[in-house]
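Inspection log for the structure reproduced underneath, given as structure tokens.
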Amino acid sequence: MRLYGLIPRFFGSGLRHDEAVLLLPWYANGTLKSPERRRMHHHVCRCESCRADLASLEDLQHTLRQLPTPVIRQTAFDSLMASIERSEQEQGKVSDSRVRATARPARAHRFGWTSFAWLYPTTIAPVAAAAGL
């Protein structure tokens with residue numbers, strides 16, 4: 220029996236590389252829960268590729284914090300919400316006007332780093348390159 224494959228799993232660091240790659244954005248912005256954060260820490264300590272990706276994400280996070288926070292005009296937001304509602308109605312997902320009413324904000328929306336947390340690193344890289352970052 221080969222024990223070397225069981226030892227990392229026993230100590231909680233048995234995170235596959237493909238799993239770690241998917242969790243990197245959330246690890247970078249600190250939103251992982253303790254068990255996943257611990258497993259990611261163990262993986263990143265051992266994986267040069269993930270350390271490099273993490274460094275890139277942290278650099279991008281720093282750069283995004285330096286940029287002014289965009290503000291969406293209320294008319295633009297209303298237009299976007301109306302478009303989403305029409306699309307959902309066509310798909311039969313929204314039929315109650317109370318649901319639509321709760322989706323409208325009372326003020327302008329600001330988007331900070333955490334709103335970009337869902338972006339995957341391969342999605343961010345072309346956008347950052349196009350922006351000259």
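In terms of our numbering, the sequence shown is residues 220 to 352.
The C-beta atom is built at its ideal place from N, Cα and C for all residues, glycine as well.
Whole-number beta carbon distance between residue j and residue i, since they are thought to touch under 8 Å
i    : j    : result
Y246 : R257 : About 11 Å separates the two Cβ atoms, so there is no contact after all.
Spatial neighbours of residue i in its chain, beta-carbon cut-off 7 Å, leaving aside the 5 residues before and after
i    : result
T243 : The sequence given here has Leu at residue 243, not Thr. Closer than 7 Å at Cβ, skipping near neighbours: C269, D272, L273, L276 and P340.
H262 : S232, L234, A239 and C269
L286 : none
Exposed unless 16 or more other CB atoms sit within 10 angstroms - verdict on residue i
i    : result
A239 : buried
V290 : exposed
H236 : exposed
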